Each structure stands twice: as structure tokens, then as C-alpha cells.
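Those protein sequence lines, which keep their order, are chains A and B.
Sequential numbering from 74 applies to the first sequence in our numbering.
Sequential numbering from 74 applies to the second sequence in our numbering.
C-beta: ideal position from N, C-alpha, C; glycine also.
Keep in mind it's a predicted model, so treat the numbers as computed, not measured.
There are 2 protein chains.
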Amino acid sequence: MPFANTEIPGKFQAFLAQRGIRMTEQRRAILNVIETAKKHLDAGQILRRARKLDPSIDRSTVYRTLGLLKRHGLIDELDLMHLDGEAHYYERKLNRDHIHLACLRCGRITEFVSDLFESLKEQVEKECGYRIAVARLEIGGYCSKCRT
Amino acid sequence: MPFANTEIPGKFQAFLAQRGIRMTEQRRAILNVIETAKKHLDAGQILRRARKLDPSIDRSTVYRTLGLLKRHGLIDELDLMHLDGEAHYYERKLNRDHIHLACLRCGRITEFVSDLFESLKEQVEKECGYRIAVARLEIGGYCSKCRT
DNA sequence: ATCCTATTGCGACTGTGTCGCATTAAGATG
DNA sequence: CATCTTAATGCGACACAGTCGCAATAGGAT
Chain A
74 MPFANTEIPG KFQAFLAQRG IRMTEQRRAI LNVIETAKKH LDAGQILRRA RKLDPSIDRS
134 TVYRTLGLLK RHGLIDELDL MHLDGEAHYY ERKLNRDHIH LACLRCGRIT EFVSDLFESL
194 KEQVEKECGY RIAVARLEIG GYCSKCRT
Chain B
74 MPFANTEIPG KFQAFLAQRG IRMTEQRRAI LNVIETAKKH LDAGQILRRA RKLDPSIDRS
134 TVYRTLGLLK RHGLIDELDL MHLDGEAHYY ERKLNRDHIH LACLRCGRIT EFVSDLFESL
194 KEQVEKECGY RIAVARLEIG GYCSKCRT
């Protein structure tokens with residue numbers, strides 16, 4: 074994922090072990106792919122990369138593992154404005170939420186961290202009485218290079 | 074859609090006519106459904122309701138019309154955290170953007186308008202050099218009734 | 001080494017969304 | 001009002017994401 078990888082690889086595995094969740098050959102491969110990815114991947118891409126590490130892996134195992142990681146809050150699911158098909162994209166969840174900007178012309182994805190975003194979430198929790206689990210802000214527009 | 078319907082029904086039709094876009098029986102039915110909807114509908118629901126007005130309408134016509142309305146910025150496409158399947162939901166685009174809150178337990182959708190959201194978008198445009206076309210903030214969490 | 005059970009692969013399935021093509025009908029024109 | 005052009009439609013077939021039940025497999029605790 075974007076943002077320099079400051080996480081220790083293997084963090085997922087430790088986290089899951091701590092909860093008594095069984096570690097398998099297939100999960101190791103999938104976790105590895107997600108933890109070392111340098112861009113947002115969809116389920117199909119994760120499958121193809123994981124198969125290079127363990128060719129037997131099935132599509133449904135990827136979906137089941139993504140579900141597991143989502144449930145435990147280790148990854149976030151993104152749409153990235155569906156620039157290319159209907160698939161979802163995944164990224165490691167970091168300490169800090171960030172906004173995703175998708176350029177509707179060149180397709181580049183930019184990430185942006187903002188204190189205003191944090192304040193906005195606080196406002197929502199207070200004024201709407203919500204306990205926020207996931208906050209996804211995705212913006213479609215034109216980047217500085219593509220802006221007419 | 075939520076937010077009291079302050080729009081004049083038929084606004085879509087006027088807008089499209091002004092651009093020389095052909096008005097058909099089918100489109101009238103679909104526009105009618107979207108303009109009078111009191112909640113967020115997905116393509117399948119729009120199809121079923123439109124068929125009550127004009128039983129001949131085909132699925133692909135609904136998708137093509139939704140595409141048309143999207144391209145002209147008359148509707149917004151939402152995911153609503155995919156609480157129920159993978160479909161997209163649609164709503165009339167209003168003058169003011171709003172945030173969608175989806176309760177992960179009871180499934181209720183709440184809308185929220187915030188000046189902070191507007192400031193955040195301005196910040197993104199300035200600091201990232203983006204021209205924003207669509208901004209979608211969706212929050213999954215637990216509403217005041219469902220919060221444990 | 002054994003055993004329990006979580007996890008897997010497989011196959012079949014559902015549902016969303018897309019597309020090409022022949023037909024139909026909007027609505028502009030005279 | 002009749003004619004004509006072409007945008008829009010219905011149909012069918014398709015691509016692809018994601019899900020699920022079930023029998024077989026393999027973690028890892030004992």
C-alpha cells in the first residue's frame with residue numbers, strides 16, 4: 074500500500090496467533106501478499122499473487138481470508154470509485170485513516186491525511202450518537218496533471 | 074431519498090430536455106421512480122418499481138439510464154457499506170453533499186450535513202491540486218440505539 | 001502419534017452489470 | 001400530418017464478483 078511500509082511484516086500473523094486463529098500455508102501466502110503489496114489489490118490480484126507462493130490456493134479461500142481480516146479490523150475495503158470494474162480493493166489498516174483520491178482521467182490513486190477528517194469523524198460521533206467502526210472517504214476528480 | 078423533497082418533480086426531465094436528450098416512456102418511468110423515492114434504491118428495485126409504470130422496461134434500460142444520469146451529475150452512486158449484497162444505491166444529487174452513516178447492526182441509513190465536510194473538500198482541492206467531481210463519505214458503525 | 005475440528009478445494013450457484021444487434025419510436029423537418 | 005433520421009430499447013448472451021454446502025485435509029493441542 075501507499076505510505077511507506079512502517080509496519081513489521083508478520084504483524085498479521087502474530088495478531089491472529091494471539092487470538093488462537095489457525096495459521097495455514099494458504100493464509101500465510103495471502104497475508105504475505107497483502108502485507109508486502111505496494112498498491113491496492115483486488116481479490117483476483119491477491120489470488121494470482123498468492124498462487125505464486127502456493128499454487129493450490131482457491132478463490133474461495135481468498136474471499137474467506139479477506140472476510141476474516143475484515144472482521145478483525147486488519148484491512149479496509151475500498152471501492153476506489155470503481156474506475157476499473159466492480160471489484161473491491163484492500164489495504165492494510167494503518168493507525169491513521171486516510172482519504173483516497175481517484176483521478177477520473179489517469180486513474181492514479183492518491184492518499185491524503187487530514188486533521189479535518191479526524192474532527193469530522195468526532196463531530197459525527199458526538200452529534201449523531203454513532204460509534205464509528207469504518208470511515209471511508211473516496212473522492213473522484215481530476216488531479217493537477219489531468220485537470221483541464 | 075431522505076431529506077424532505079424540496080425539488081420540483083420533473084426537474085430531471087426538464088434538465089435532459091434542455092440538453093436535447095430524447096425523452097422516452099421508459100425514461101419517464103425510471104426518472105419518476107428515482108425522483109419520488111423515499112429511500113435509497115438499487116438498480117433491481119428501480120427496475121421493479123419502474124415496471125409497475127411500464128411493464129416492458131428491460132434491466133439494461135435501467136442500467137443505461139442510471140449511467141446517463143450519473144454522467145450528467147443528476148444522481149450519486151452509493152455503496153452504503155454493502156450491508157446487503159453488492160449492489161449500488163442511487164439518490165438524487167442535491168445542492169449540498171451529505172455523509173451517509175450505515176448502522177452495522179440495524180442497517181438504518183442516516184444522513185448528515187456538515188460544514189467540516191465542506192472545509193475538508195476545500196482543503197483537498199487546495200492541497201492536492203484536485204478538481205473534485207464526486208465526494209463520497211460513508212461511515213459504518215453503531216447508531217445510538219444499537220451501540221453496546 | 002493421535003484426534004478433534006477449523007479450514008480448504010471443489011463445484012455449483014446467485015446476482016450485478018455489460019454489450020452487440022436487430023427493431024422501435026422520438027421528435028425534427030417539410 | 002406524413003416522412004425520415006437516429007437515438008434508445010429489448011433481447012439474449014456474456015463476464016465477473018462473490019457465496020455456500022460438502023467431503024477431504026491438515027493445524028496444532030494433547
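Strand pairing of residue i, partner residues [DSSP]
{"i": "cysteine 176 of chain A", "result": "A:Gly214"}
{"i": "leucine 151 of chain A", "result": "A:Tyr162"}
{"i": "alanine 123 of chain A", "result": "Alanine 123 of chain A is not bridged to any residue."}
{"i": "leucine 114 of chain B", "result": "B:Tyr163"}
{"i": "arginine 204 of chain B", "result": "A:Tyr215"}
{"i": "isoleucine 107 of chain B", "result": "Answer is none; isoleucine 107 of chain B lacks a bridge partner."}
{"i": "threonine 183 of chain A", "result": "A:Leu174"}
Rounded distance between the beta-carbons of residue j and residue i, thought under 8 Å
{"i": "aspartate 115 of chain A", "j": "histidine 171 of chain A", "result": "That belief does not hold up - the Cβ atoms of aspartate 115 of chain A and histidine 171 of chain A are roughly 19 Å apart, past 8 Å."}
{"i": "glutamine 118 of chain A", "j": "leucine 104 of chain A", "result": "That pair is no contact at about 15 Å."}
{"i": "leucine 210 of chain A", "j": "leucine 210 of chain B", "result": "4 Å"}
{"i": "arginine 220 of chain A", "j": "arginine 204 of chain B", "result": "5 Å"}
{"i": "leucine 147 of chain A", "j": "phenylalanine 88 of chain A", "result": "7 Å"}
Alpha carbon of residue i to alpha carbon of residue j, nearest angstrom
{"i": "lysine 218 of chain B", "j": "arginine 181 of chain B", "result": "11 Å"}
{"i": "glycine 213 of chain A", "j": "glutamate 150 of chain A", "result": "17 Å"}
{"i": "histidine 173 of chain B", "j": "arginine 95 of chain B", "result": "33 Å"}
{"i": "valine 186 of chain B", "j": "arginine 169 of chain B", "result": "8 Å"}
{"i": "tyrosine 215 of chain A", "j": "histidine 145 of chain B", "result": "16 Å"}
{"i": "glycine 140 of chain A", "j": "glutamine 91 of chain B", "result": "47 Å"}
{"i": "lysine 156 of chain A", "j": "lysine 194 of chain B", "result": "Sequence inspection shows leucine at residue 156 of chain A; the lysine mentioned does not correspond to that position. Each residue's alpha carbon lies about 20 Å from the other."}
{"i": "leucine 189 of chain A", "j": "glutamate 200 of chain A", "result": "16 Å"}
{"i": "glutamate 108 of chain A", "j": "arginine 122 of chain B", "result": "45 Å"}
{"i": "arginine 101 of chain A", "j": "arginine 137 of chain B", "result": "43 Å"}
{"i": "glutamate 184 of chain B", "j": "leucine 167 of chain B", "result": "12 Å"}
{"i": "aspartate 131 of chain A", "j": "valine 207 of chain B", "result": "36 Å"}
{"i": "glutamate 198 of chain B", "j": "glutamate 191 of chain B", "result": "11 Å"}
{"i": "glutamate 98 of chain A", "j": "aspartate 127 of chain A", "result": "8 Å"}
{"i": "lysine 112 of chain A", "j": "tyrosine 163 of chain A", "result": "9 Å"}
{"i": "alanine 110 of chain A", "j": "threonine 134 of chain A", "result": "19 Å"}
{"i": "glycine 202 of chain B", "j": "cysteine 179 of chain A", "result": "14 Å"}
{"i": "arginine 124 of chain A", "j": "glycine 93 of chain B", "result": "52 Å"}
{"i": "valine 106 of chain A", "j": "leucine 142 of chain B", "result": "39 Å"}
{"i": "serine 129 of chain A", "j": "glycine 83 of chain A", "result": "22 Å"}
Per-residue DSSP class, three states only, for residue i
{"i": "leucine 89 of chain A", "result": "helix"}
{"i": "aspartate 188 of chain A", "result": "helix"}
{"i": "arginine 144 of chain A", "result": "helix"}
{"i": "arginine 209 of chain B", "result": "strand"}
{"i": "threonine 222 of chain B", "result": "Because residue 222 of chain B is not part of the residues shown, which for chain B are 74 to 221, the question remains open."}
{"i": "threonine 97 of chain A", "result": "coil"}
{"i": "arginine 132 of chain B", "result": "helix"}
{"i": "leucine 156 of chain A", "result": "coil"}
{"i": "arginine 137 of chain A", "result": "helix"}
Residue i Cβ short of 7 Å to the ligand NAP heavy atom set
{"i": "histidine 173 of chain B", "result": "This structure does not include the ligand NAP; it has no bound ligands of any sort."}
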